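Participant:
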Amino acid sequence: MKLENALIAILASTASASPIFWKRDSINSTNSSSNTRLSPVTGEQTTYLNTWSNITFPEVKNCNVTQVKYINKYYQDMLEVLSVARSHLIEYNNDSVFKHWFGNGNPLTVLGVLDNIASGSKDGVLYRCDDIEGECASHLTTYPGYHRSDENATGETVLCDLFFTSKKPLEDMCVIGSLIEVGPKKFAGVDLFHRFLHIESINKGFVGEYTEELKMLLNIVRVIVLMLLLNTDSLLYYITEAYSVELTGDGCLGDYPSNTTTHTS
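Going letter by letter, the sequence shown gives residues -17 to -1, 1 to 248 in mature numbering (1 follows the signal peptide of the UniProt record, and there is no 0).
1. For Leu218 versus Val93, is the C-beta distance shorter than 8 angstroms?
2. If I'm right that Tyr129 touches Glu118 with Cβ under 8 angstroms, what's the distance once you round it to whole angstroms?
3. Where does the unbroken alpha helix (DSSP H) through His130 begin, and where does it stop?
4. Grab me the residues of Gly107's own chain with a C-beta within less than 6 angstroms of its C-beta, minus the 5 sequence neighbours each way, in chain order.
5. Could you tell me the boundaries of the alpha helix (DSSP H) in which Thr49 lies?
6. Pick helix, strand or coil for Asn186, following the three-state DSSP scheme.
7. Using the C-alpha atoms, what's the distance from Lys105 back to Thr39?
8. Alpha carbons only, please: which of Leu213, Leu230, Ala136 is nearest the one belonging to Glu154?
9. Using the Cβ count rule (16 or more neighbours within 10 Å means buried), how would you classify Thr215?
10. Would a C-beta distance cut-off of 8 angstroms place His83 and Tyr239 closer than the cut-off?
11. Relative to the C-alpha of Glu134, which residue among Asn77, Lys150, Asp233, Ile182 is closest?
12. Does the separation of the CB atoms of Val64 and Gly172 fall below 8 angstroms?
13. Check the DSSP bridge columns for Thr140 and list the partner residues they point to.
14. Taking Cβ to Cβ, would you say Ile163 is nearer than 8 angstroms to Lys151?
15. Please report how far the alpha carbon of Ile185 lies from the alpha carbon of Ser132, in whole angstroms.
16. Excluding sequence positions up to five away, which residues of its chain have a Cβ less than 8 angstroms from the Cβ of Tyr53?
17. Could you tell me which residues DSSP puts in a beta bridge with Lys44?
18. Reducing DSSP to helix, strand and coil, say where Lys168 ends up.
19. Which whole-angstrom value describes the C-beta separation of Gly88 and Leu212, a residue pair presumed to lie in contact below a C-beta threshold of 8 angstroms?
20. Asn45 and Asp113: beta carbons closer than 8 angstroms?
21. Of the choices Leu175, Tyr220, Ile222, whose alpha-carbon is the least far from that of Pro41?
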């Protein structure tokens, strides 16, 4: 326990790193074979983007001007959720929000996942909007996106039209329904976080969708701690609930744990 507290104290000291600035129209459309990498630029400061001094960004390919603007905004949403959840984790450690999804697990494991998503290498990581494998067209009403199956494109994520029409910005959190009712992936920034965890160079072969079923997740929360710490949906619920608590004071989790409706899209 003393070691954990010491490590958390050290990690907390990094929260004062140089601010990161974000300009939403900083990325141009790239409807060609060339790629554009998302990057921070000098501009208006946005809330919570001062946690990491070395944020890394993926590339964008074959997306039109409007799609690129959405990706910019939602990538900012992702960084905001991660930053707020990270601050909550450092300040409150294994509080009730943490215990909801990880039981008596080690908060440092979760902290490492959040930091890796924000500042880990994204070489070869790419968003594209051209439905290169046809999965969007085959699943018009069910696929917001997909991770490419081509072994030469394992870092690529295709964002379907449904992603842009169905996902919500952070501003809608605690407005359109409880987190359990709508699911964390309803929010585009959280969904982008989720999609990173499908990429092996980012998940390191450890983080995965071991269970998406909310009922099963809650049933094993006190039994298989390590699995939960590295389970994608446990992480999604945690960062979203932590953000909602910081946003409203009470959060908007909803009916825990009796509601067993699961949202996986």
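Each residue gets a CB set at the ideal place from its N, CA and C atoms; glycine is no exception.
No experiment lies behind these values; they were computed from the predicted model shown.
Facilitator: Walking through what the data contain:
1. yes
2. 5 angstroms
3. Here His130 belongs to no alpha helix (DSSP H); instead the beta strand (DSSP E) covers 128 to 130.
4. Excluding residues within five positions, the ones whose Cβ falls inside 6 angstroms are Gly138.
5. Its alpha helix (DSSP H) spans residues 48 to 75.
6. Asn186 falls in the helix class under three-state DSSP.
7. Taking the Cα positions, Thr39 is about 6 angstroms away from Lys105.
8. Nearest of Leu213, Leu230, Ala136 to Glu154, Cα basis: Leu230.
9. Its Cβ being crowded by 16 or more others within 10 Å, Thr215 is buried.
10. yes
11. The residue with the shortest Cα to Cα distance from Glu134 is Ile182.
12. Yes, the pair counts as a contact, with Cβ atoms nearer than the cut-off.
13. Tyr110, His130
14. no
15. In a straight line, the C-alpha of Ile185 is about 16 angstroms away from that of Ser132.
16. Phe147, Ala171
17. Arg111
18. helix
19. 5 angstroms
20. Result yes, Cβ atoms of Asn45 and Asp113 sit closer than 8 angstroms.
21. Leu175
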